[in-house]
Structure formats: C-alpha cells, structure tokens
C-alpha cells in the first residue's frame, strides 16, 4: 500500500512537470495577481465558480489591489434615474453602439467613407483606429436602477464608491458594480437651494468615506461646513475661526486627491489671489493650494470657463486663456508645490469640432488610452460627450445609446468593496438595499 502511495505521489509530481497544476494550488499572492488583472465581469464570474474564489474576491487585500489597478470607467446618470456604467478595456477610440443591441458592447467605428464624410460635416477629426478587432477592444454597459421618485445628482466618485444627492439633500452611497445602495441620514441643512457645494472622498488614515457639504445660512450670510462619515449616526458641523470661501458653482470635478477634497473658490477682497481650496478629510482642516505663480488677482478675474479637477492623479486647471482662442490644461505635478504647475497641452478653440468650450464643455476625466473626455452641460448641444487626444489633436464623439444629452457623467474606478463591510446596519439610521444589475457583457 505504501508503495502505491509513493507511486501516486510520483505520478502527481510528473504531472506537475507537465504544467497540469490546478489553479487553486497556486500561492494566494500569485492567484490574486492573476485575477486582479481580469475585467470586472470576469472577476464576478470567478467568484461564482466556487467558495475559494468567492473568499479571495471578498478579501480586503484583494479589493485594495483591484482598485489600484482597475482601469477608468465612466458613470452616466440618465434622466430616468438609471445609473449606467461604461467599462472600457484596451484602447477604444471612436465609439458607436453595436447594431445587435441597444445597450450592448460598443465597438470602434469602421473607417468607411460614409463615416469620414459624416465626421467632416461635424468638424470632427476621426483618424483610423489602430485597434478595430473585437479581441483588443471590449466595452460593456451595466445598469443599476435607482429610486424612481427622487431627482438625483452625481456628487463624486472615490475609491470604488459613488455618492449621489437627492431632493431634500438626501445622500446615497452606491457601489454600481455590486448594485448596493445606502441611504444616509439627512444633513442638518436639507434645503436644496441652500447647498452651495458638496463632495465625497476617502480618508486612507481612518479607512472612512466622508461627505462634505457647504450650506448657506441666511441669518449670518455665510457658508457653514457640514461633514458626514459613512456609517455614523449623524452629521457634524465643522467650526472655523474664519469665513469659509464661497465655492464657484459647477467649477470642480472629481474632487478627491491625497485624502483631501478640492474646489475653486470665489475671489474675495481679503483673498484676491486665493483660488483653490482644500479640505483634509483626516484633520478636518481647510487649506489653500497655490495656483500657478502668474495667477494674480486681475488674471483670475479675467479667466473664462475655468474648472478644477483631478486628472491622471494630479490637480488640474482647465481654462480659456483671456484674449486668445485657446483652452489650456495645467497640471500640478508635485502636490502642494507651486512651481510644479506646468502646461500639459492646449486646444485651439477654432478647431474644437464645432463645440463650444465657453458653453461649459468641461473635462471630466482621462481615459486609459490618454484621451481627455469632456462633457457638455448646456442644453443646446446634442454632442454631450466628446473625447480629445493630446497625441493626435483629434476629437471623437462618444455615442451613448438611449441616454439623453442631459445626462450626468463622471469617471469611476470599479471596486468589490461591499457597503455591508464598511457600515454597521444594526441601527435604524441607515438603509441598505440592493438593486438588480442589468449587465450587457
């Protein structure tokens, strides 16, 4: 009997030499590395195969690894309160809906004469795509149906979760990949017209997600900061010894970076050259971030269409240069260091494919292929989403089938972080419900 066992072990060793190792025999760190490189849809399929894969995907270390490597996706909030998630893999360029389904996979547009003529009529430069095959480019839609009786606004996305604000200043935190939606306790100020600014971010020191809102209190004619940590029973009011800077409306996107939230402030008589304000989510401190050195008071007042955001992991300023038909994009390469501001690229407005940057065609993110995505916030233009390639200087229209041009859009990184793991649902102050996810992959 012992000889049989030895022979069996010997045979298994020979099989191992022929590369017949079972995937679950791999060390856990190697298995995590392999699965973390898969698209989200494939990871979900792996988790449904067996309990071992499910336990791996649920592991906090794997979730952190996946978020650090996940490509940029884009959230689209449609008028019917459906949250669409466009997951792009590879180097997708000019996207059009595939003819086989209304919300199916998106494919690069074939470079036909008909397409070229249509693009010329629209003043859009669309060079031949380098990757046209289905195997190199795959984009998929998934949809999460939100509450139908609430008008929703996308606030921000941070570390795999997205925050939305409803009427009456009711906030929701959602993981669109898992279909989980958390309704939060109401803030002290619930009048929507009184909310001057709200943002959402992640504090890596405390491992907490937090919401900051600026509320205008008419009786003392200034803003009050109200903060909520996801999982707490109530909001807190941030007391400051100085008047809070007034946020510029609709001038900030993707606000979270380095554990802090960022926005553009209205210049005042006491802070003529102060433009960028930040809030540290760990210390609860407000700070000024220096703009480019040549941004004096006169120049700041003359800027048109200025927006602040986070692009490619850096603070980014985008604006129309006064007296010039030029839209510039500046990056702060070294966070907090004024001399690290540098011009990344600029766009000649005269060749801006017939779209109007002063009408708030504003940047929302960089895709993984390096293209900047821009969103039109006006009602006059049907081309709601476009992308610009700094490498080629060309524009592309991003078609979103069956989604109105008045949609909201923002970048998002997919995550397997479950809301069940970051909040205590034993109290009655939080309401978690799961929406049915409609996947189109």
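Numbering (full-length UniProt numbering), first residue to last: 1 to 441.
Even glycine gets a Cβ: it sits at the ideal position worked out from N, Cα and C.
On a predicted model such as this, the values are computed, not experimentally measured, just so you know.
- Collapsing the DSSP output to three states places residue 299 in a helix.
- Looking at the DSSP output, residue 312 bridges to nothing.
- The Cβ neighbour count for residue 54, taken over all protein chains shown within 10 Å, is under 16; the residue is labelled exposed.
- DSSP places residue 225 inside the beta strand (DSSP E), whose first and last residues are 222 to 229.
- DSSP, reduced to helix, strand and coil, places residue 42 within a helical segment of the structure shown.
- For residue 70, the CB contacts under 6 Å within the same chain, skipping 5 residues up- and downstream, are 413 and 414 in chain order.
- Under DSSP, residue 37 takes part in no beta bridge, so it has no partner.
- Going by DSSP, residue 26 is part of no beta strand (DSSP E) at all; its letter is neither H nor E.
- The continuous alpha helix (DSSP H) containing residue 56 extends over residues 51 to 58.
- Residue range 195 to 203 is occupied by the beta strand (DSSP E) that includes residue 202.
- When DSSP states are grouped into helix, strand and coil, residue 274 belongs to the coil group.
- Judged by DSSP secondary structure, residue 165 falls within the beta strand (DSSP E) whose first and last residues are 161 to 165.
- With respect to the 8 Å criterion, residue 281 and residue 233 are not classified as neighbours on the basis of their beta carbons.
- Look at residue 168 here: in three-state DSSP terms it is helix.
- Annotated three-state conformation of residue 151 is coil, per DSSP.
- Put simply, of 290, 205, 200 and 68 the residue whose alpha carbon is nearest the alpha carbon of residue 256 is 200.
- Residue burial is scored here from C-beta neighbours: residue 22 has fewer than 16 other C-beta atoms within 10 angstroms and is therefore classed as exposed.
- Residues of the same chain with a CB within less than 7 Å of the CB of residue 67, apart from the 5 flanking positions on each side, are 159, 160, 413 and 415 in chain order.
- Bounds of any beta strand (DSSP E) do not take in residue 407, whose DSSP letter is neither H nor E.
- Secondary structure at residue 234: coil, using DSSP grouped into helix, strand and coil.
- In the three-state scheme derived from DSSP, where H, G and I count as helix and E and B as strand, residue 335 is classed as coil.
- The C-alpha of residue 343 is placed about 16 Å away from the C-alpha of residue 388.
- If you check the CB distance, residue 326 and residue 348 come in under 8 Å.
- By the neighbour-count criterion, in which a residue is buried when 16 or more other Cβ atoms sit within 10 angstroms of its Cβ, residue 50 is exposed.
- About 6 Å separates the Cβ atoms of residue 247 and residue 214, confirming a contact at the 8 Å cut-off.
- For the pair residue 291 and residue 276, the CB atoms are nearer than the 8 Å cut-off.
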